[in-house]
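Shown next, in structure tokens, is the structure this report addresses.
2 protein chains.
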Amino acid sequence: MPKVTEAHRAARREEIIDAAVRCVLRDGYRGVSIASVIQESGLSAGAIYGHFVNKQELLVAVAERVLDGRVADLAAAQRRNGPLSPGELLVALIDGLRHEDVSAAIPQVWAEAAFDDDVRAVAERIFGRVRGILRTELVAWATASPGRVDGDAEEWADLVTPVVLAAVPGFLVQRAILRNFDEAAYLRALPVAYRR
Amino acid sequence: MPKVTEAHRAARREEIIDAAVRCVLRDGYRGVSIASVIQESGLSAGAIYGHFVNKQELLVAVAERVLDGRVADLAAAQRRNGPLSPGELLVALIDGLRHEDVSAAIPQVWAEAAFDDDVRAVAERIFGRVRGILRTELVAWATASPGRVDGDAEEWADLVTPVVLAAVPGFLVQRAILRNFDEAAYLRALPVAYRR
DNA sequence: GTCTATAATAGGATAGAC
DNA sequence: GTCTATCCTATTATAGAC
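Protein chains in written order, with the working numbering: chain A, 433 to 628; chain G, 433 to 628.
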């Protein structure tokens with residue numbers, strides 16, 4: 433079978449996901465209706481159900497789209513010279529986040545994860561990858577200069593990584609809730625709070 | 433008019449909110465239907481609409497119920513002797529949180545805040561109170577022993593408070609997403625990560 | 001104030017033509 | 001593969017009896 437057809441099919445699928453993401457940004461994750469996706473995509477019910485067995489499967493694909501891509505920012509930061517401090521790592525990660533429109537939908541996906549186990553699995557997987565990269569960098573940073581950390585660098589990193597990672601939900605939640613949240617100040621504060 | 437009637441009326445209202453909170457914990461914020469609240473409360477549609485003009489107003493009351501109460505933990509910690517370190521403050525706050533069932537619904541409310549401005553206002557108000565207490569304590573801690581902080585204690589606290597506060601969403605989100613999230617380890621990590 | 005019954009609508013999903 | 005039309009269920013909110 434011709435390769436073009438497969439590619440076109442995949443492209444149409446992505447198109448539908450794109451439209452659904454826009455719906456989530458406008459109406460919230462649970463506020464998305466098939467009718468809204470139809471309108472936003474310019475397609476029809478038949479087209480959508482030809483690519484997704486039901487609404488839930490579409491929304492899981494949306495969750496994946498929304499959460500993914502954050503890994504790239506960290507991987508890029510990783511490639512720089514020398515180990516980065518916890519604060520510097522977080523600046524790289526969050527500064528990447530805040531310029532992506534889809535990031536506004538991330539808290540939506542986290543909330544949904546508590547009730548849809550497929551969404552939860554997607555979130556856990558991507559969260560795990562980010563945490564893994566972060567942990568590696570923290571070990572490198574703790575090892576680079578002795579005395580930075582009490583005890584073993586790996587043990588320290590295992591313990592501290594979840595707390596360091598908390599800066600990400602902290603940023604997104606405060607940005608969503610507080611009318612005049614100062615994003616730039618938050619980024620400046622990261623190296624201060626986590627400098628050691 | 434008799435005072436008892438007023439009190440009874442208020443009590444019935446709280447009863448309905450209680451039932452709605454249980455619905456949120458079971459079905460998610462947007463998954464709550466009037467039918468589910470009717471079932472959970474053992475009341476009827478008429479009873480509910482006699483206390484709330486519509487579903488949205490009920491859900492705003494639910495948001496308030498879910499978010500409030502966190503301030504008490506911090507205020508209690510505040511009363512202890514001597515200024516607490518950032519890590520110790522967070523342990524008090526989060527350890528209080530994790531033993532309350534309703535805390536599982538907090539990420540739901542944060543997600544909803546992006547789309548319902550009344551909910552957002554509730555979240556902003558309560559977040560603001562917690563942040564205010566935290567800031568006061570951080571200033572006291574920074575002032576207590578010189579050299580802990582570069583520059584002015586108040587300026588430092590203003591900058592750092594939002595990042596310290598991030599540990600709360602960080603905890604709740606990771607607990608919701610990660611299948612084997614180690615709550616106790618997170619609490620142990622707080623003083624390590626924020627000790628200075 | 002609260003109940004039962006119901007109106008009015010919205011939303012998910014399918015059928016069949018093309 | 002996609003479109004139009006439609007079925008069916010779920011849901012919000014109201015009306016009127018008690």
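C-beta: ideal position from N, C-alpha, C; glycine also. All of these numbers come straight from a predicted model, not from anything done at the bench.
query                                                                                                                                : result
Residues that Leu-591/A contacts on chain G, provided the C-beta gap is smaller than 7 Å                                             : Ala-617, Arg-620, Ala-621, Val-624
Straight-line Cα distance separating Val-453/A from Arg-465/A                                                                        : For the record, residue 465/A in the displayed sequence is Ser; it is not Arg. Straight-line Cα distance between these residues: approximately 12 Å.
Secondary structure of Asp-622/G, DSSP reduced to three states                                                                       : Per the sequence shown, the amino acid found at residue 622/G is Leu instead of Asp. Helix, per DSSP.
Meets three-Cβ-pair contact criterion under 8 Å: the stretch 613 to 623 of chain A and the stretch 494 to 512 of chain A             : no
8 Å Cβ cutoff met for Pro-594/G and Val-605/A                                                                                        : no
Runs of alpha helix (DSSP H) lying entirely within the stretch 516 to 560 of chain A, each at least 4 residues, in chain order       : 518 to 530, 538 to 545
When Val-554/G, Asp-533/G, Arg-441/G, Ala-451/G are compared against Ala-495/G, the one with the closest alpha-carbon                : Val-554/G
Closer than 8 Å to chain A by CB, Ile-609/G                                                                                          : yes
8 Å contact criterion, which Glu-539/G and Ala-546/A should meet: CB distance rounded                                                : A small correction: the amino acid at residue 539/G is Pro; Glu does not occupy that position in the sequence shown. Rounded, the Cβ-Cβ distance is 7 Å, consistent with contact.
Where Ala-504/G sits in the DSSP three-state scheme                                                                                  : helix
Nearest-angstrom Cα separation, counted from Arg-462/A out to Asp-550/A                                                              : 15 Å
Nearest-angstrom Cβ-Cβ length linking Arg-409/A and Glu-556/G, presumed shorter than 8 Å                                             : With chain A covering 433 to 628 only, the question about residue 409/A has no answer from this structure.
Neighbour list for Gln-606/A in chain G, Cβ cutoff strictly below 7 Å                                                                : Pro-594
Pro-539/G: contacting residues in chain A (beta-carbon distance under 9 Å)                                                           : Pro-539, Trp-542, Ala-543, Ala-545, Ala-546, Pro-601, Val-605
C-alpha gap between Ile-480/A and Val-492/A, whole angstroms                                                                         : 14 Å
Continuous alpha helix (DSSP H) assignments of at least 4 residues falling wholly in the stretch 451 to 491 of chain G               : 466 to 473, 477 to 481
Contacts around Phe-603/A, its chain only, beta-carbon distance under 8 Å, and the 5 residues preceding and following it disregarded : Ile-526, Leu-529, Arg-530, Glu-615, Tyr-618
Where the alpha helix (DSSP H) containing Arg-607/A begins and where it ends                                                         : 599 to 609
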